[in-house]
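The structure appears below as structure tokens.
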Ligand SMILES: [Zn+2]
């Protein structure tokens, strides 16, 4: 993910923000606001509570295997662990095992891991994230070739979704939920966007859902750093603006407005781009965007700082609880 063109777009965006100057209140209108009737988002009163301690422990367990770089033993062990966790929560598990060729020419043995919850239901939604770790911390000035933990960029998104699987077993929702963990998202060349997201590209060309397709998808990427901010990302707004609107509104309603920002960011090449453009599944990306950093992402991004110290339970709760709001408000 995150090729040069995208970085250019983000930098252009940052420049645009910077050029707006310091006064963000310029466009305050003098017209009194028309009172609007609050929209009923249909969030049930007895919405289950997301447990960030469990999500954190599930994240830590992955990190303890070591960096989940394709073709490593840590990668194999962690994949097996994720499969066992999904089975424990009663999901029907489908494993797409295949080989893909990385930009280096290396053949990578990968697995997309799919957990179908209430597989008998026709009405479905999909939640997804990548579970692999980038093979090197190339944004780290001191250690650009070393491996890193990938606690936020990878493990924490999986931890959040496995906690949601646990809750869905305790209290079944009105919709079926497909939880999809993509492999080899982060084994790419920053100068070539399509060398990233190898697992989701394979998945999109070989969809395993048959006739029970989810109605929409929500991708998580880097959603656990302290004070993370999620902007309305470009491809999400292009392909699925209604889903962005609904997820952001539910996040706000549940009290997580400071995380879900009512501002647009540039387009980011991430797994959702291929789900939208190849599979035709409207999918949004909840991803930490920091317009004040040089890269547009958090300062920890692809550095040695992406470790468990960077995993914040408040942010995990903001994301996990919002997703529960989305799932349980489906009729
Ligand atoms: Zn990454």
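In this note's numbering, the protein residues as written are 76 to 406.
Don't be surprised by glycine CBs; every beta carbon is placed ideally from N, CA and C.
Every value quoted in this text rests on a predicted model; they were computed, and no experiment measured them.
Opposing strand residues paired with residue i [DSSP bridges]
i: residue 189; result: 169, 255
i: residue 292; result: 201, 358
i: residue 182; result: 176
i: residue 363; result: 305
i: residue 146; result: Its beta-bridge partners do not exist; DSSP assigns none.
i: residue 339; result: 307
Among the options, nearest to residue i - alpha-carbon criterion
i: residue 193; options: 178, 264, 241, 156; result: 241
i: residue 182; options: 147, 123, 165, 156; result: 147
i: residue 144; options: 261, 162, 292, 388; result: 261
i: residue 126; options: 113, 243, 215; result: 243
i: residue 211; options: 314, 396, 379; result: 379
i: residue 349; options: 331, 178, 268; result: 268
i: residue 160; options: 222, 137, 141; result: 137
i: residue 222; options: 234, 209, 231, 326; result: 209
i: residue 300; options: 121, 113, 131; result: 131
i: residue 376; options: 358, 362, 113; result: 362
i: residue 405; options: 321, 353, 330; result: 321
i: residue 140; options: 152, 133, 129; result: 152
i: residue 247; options: 123, 351, 338, 201; result: 123
i: residue 229; options: 204, 219, 391, 218; result: 204
i: residue 215; options: 353, 225, 207; result: 225
i: residue 279; options: 373, 351, 149, 393; result: 351
i: residue 381; options: 357, 326, 298, 270; result: 298
i: residue 179; options: 264, 156, 360, 162; result: 264
i: residue 272; options: 369, 385, 206; result: 206
i: residue 250; options: 231, 200, 324; result: 200
i: residue 389; options: 347, 330, 112, 374; result: 330
i: residue 305; options: 270, 266, 393; result: 393
i: residue 337; options: 355, 353, 364, 347; result: 364
Spatial neighbours of residue i in its chain, beta-carbon cut-off 6 Å, leaving aside the 5 residues before and after
i: residue 169; result: 189, 283
i: residue 172; result: 186
Presumed contact (8 Å Cβ cut-off) between residue i and residue j, rounded CB distance
i: residue 402; j: residue 252; result: 6 Å
i: residue 275; j: residue 257; result: 4 Å
i: residue 315; j: residue 334; result: About 19 Å separates the two Cβ atoms, so there is no contact after all.
i: residue 202; j: residue 236; result: 6 Å
i: residue 312; j: residue 281; result: Rounded, the Cβ-Cβ distance is 27 Å, inconsistent with contact.
Contact set for residue i: own chain, Cβ-Cβ below 8 Å, skip 5 residues either direction
i: residue 174; result: 182, 183, 184, 185
Burial state of residue i, where buried means 16 or more other Cβ atoms lie within 10 Å
i: residue 367; result: exposed
i: residue 154; result: buried
i: residue 289; result: buried
i: residue 187; result: buried
i: residue 286; result: exposed
i: residue 48; result: Since the first and last residues shown for the chain are 76 and 406, residue 48 lies out of range.
i: residue 197; result: exposed
i: residue 397; result: buried
i: residue 142; result: buried
i: residue 121; result: exposed
i: residue 371; result: buried
i: residue 234; result: buried
i: residue 176; result: exposed
i: residue 385; result: buried
Own chain residues within Cβ distance below 7 Å of residue i, not counting five before or after
i: residue 238; result: 125, 126, 129, 130, 133, 395
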